[in-house]
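Novice: Dropping the structure in here first, questions after.
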Amino acid sequence: MSSNSTPYYFVPALSRHPAMAAVGLIAFGAGMSGWVNQTSWGGALSLIGVAWILFVLYNWFGDTIAESNSGKNGVNVDVSYRWSMAWFIFSEIMFFAAFFSALFYARNIAMPWLGDVESKLLWPNFAAAWPNDGPAGLVEKFTTMGPWPIPTINTLLLLSSGVTITISHHALVENHMKKAIIALAATVGLGFIFLGFQVYEYYHAYHELNLKLTSGIYGSTFFMLTGFHGFHVFLGGTMLAIVLRRMIRGDFTSTNHFAFEGAAWYWHFVDVVWLGLYIAVYWM
């Protein structure tokens with residue numbers, strides 16, 4: 001968004017986009033429910049839901065960008081966007097806090113409780129140690145995922161992307177557009193290379209380590225945390241790719257470029273979450 005000094009608050013016309021997005025989210029949720037329950041239609045419906053949501057977002061973003069470029073977004077709208085992005089990131093922090101809390105509870109509270117005297121009567125050979133595959137025979141044997149080499153490579157990739165997006169921001173503020181574009185393109189590239197490595201990591205986990213979502217509490221927390229983080233990397237990378245296209249098109253100036261700033265905030269949030277994951281999931 002590129003704001004101007006107009007003091008009024010622009011109120012857009014009625015929009016079809018929220019209702020259309022809701023349809024896509026319902027389809028995606030229903031499809032995922034069917035997918036995890038191994039229905040024949042679950043996977044297809046999930047993909048249709050994702051495609052529909054992306055279509056809606058493309059048009060929604062297009063309308064918002066057009067409003068911004070036509071000078072309709074004044075100072076008050078700029079402030080509104082900033083608060084909205086800040087609260088959105090806060091909601092994402094709470095989202096990941098819930099999953100980190102689940103991991104902490106399973107490892108530090110539930111696991112010792114399962115190893116007490118009463119539980120020993122039910123499972124005499126159960127060892128209350130993390131990582132755990134549950135009582136013998138309930139979960140297929142698997143190998144845990146260590147920090148070498150892919151998680152460490154991915155950590156370096158995301159840390160590097162945090163540097164490149166900061167370079168891009170400083171270049172944009174200093175009106176060095178070419179440098180800003182190159183650094184932002186590098187950020188987008190690093191993000192999608194990260195995703196490529198994560199896809200390979202999941203393939204390795206399933207086919208060589210027998211580590212799956214059904215591999216007890218370790219498998220479920222591993223894939224939920226890393227999987228949702230990967231989705232957020234994809235979302236952040238998509239946001240930055242849109243910002244890159246707008247930057248090349250000349251939508252931003254050195255003083256008016258909140259779309260860039262908002263995407264950069266989100267990207268730094270993704271970086272910080274990964275550092276927590278790298279320590280709590282791969283090392284501990």
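Sequential numbering of the sequence shown, starting at 1, is according to our numbering. Beta carbons: idealized from backbone N, C-alpha and C, even for Gly.
(1) Assuming S46 and W35 make a contact with CB atoms under 8 angstroms, what is their CB distance in whole Å?
(2) My understanding is that Y203 touches K212, with C-beta atoms under 8 angstroms, so please give their C-beta distance in whole angstroms.
(3) What would DSSP say about R249, mapped onto helix, strand or coil?
(4) In three-state DSSP terms, what is E140?
(5) Measuring alpha carbon to alpha carbon, tell me which residue in I242, F96 and I53 is nearest L275.
(6) Measure how close the beta-carbons of W267 and M85 come, nearest whole angstrom, since I'm counting them as under 8 angstroms.
(7) Tell me the DSSP secondary structure of T238 in three-state form.
(8) I'd like the span of the alpha helix (DSSP H) that includes H176, first residue to last.
(9) Throw me the rounded Cβ distance for the Y218 and T144 pair, which I believe falls under 8 angstroms.
(10) Roughly how many whole angstroms lie between the Cα atoms of H170 and S161?
(11) Given that a residue counts as buried once 16 or more other Cβ atoms are within 10 Å of its Cβ, and exposed if not, what is S5?
(12) So, helix, strand or coil for N69, using DSSP?
Specialist: In brief:
(1) 6 angstroms
(2) With a Cβ gap of about 12 angstroms, Y203 and K212 do not count as contacting.
(3) helix
(4) Here E140 sits in coil by DSSP.
(5) F96
(6) Not confirmed; about 12 angstroms, so no contact.
(7) The three-state reading of DSSP puts T238 in helix, counting H, G and I together.
(8) Where H176 is concerned, there is no enclosing alpha helix (DSSP H), given that its DSSP letter is neither H nor E.
(9) Right, their Cβ atoms sit about 7 angstroms apart.
(10) 14 angstroms
(11) Note that S5 scores a pLDDT of 48, beneath 50, so its modelled location is shaky; the value from the coordinates is reported in the next line. Flag for S5 reads exposed.
(12) helix
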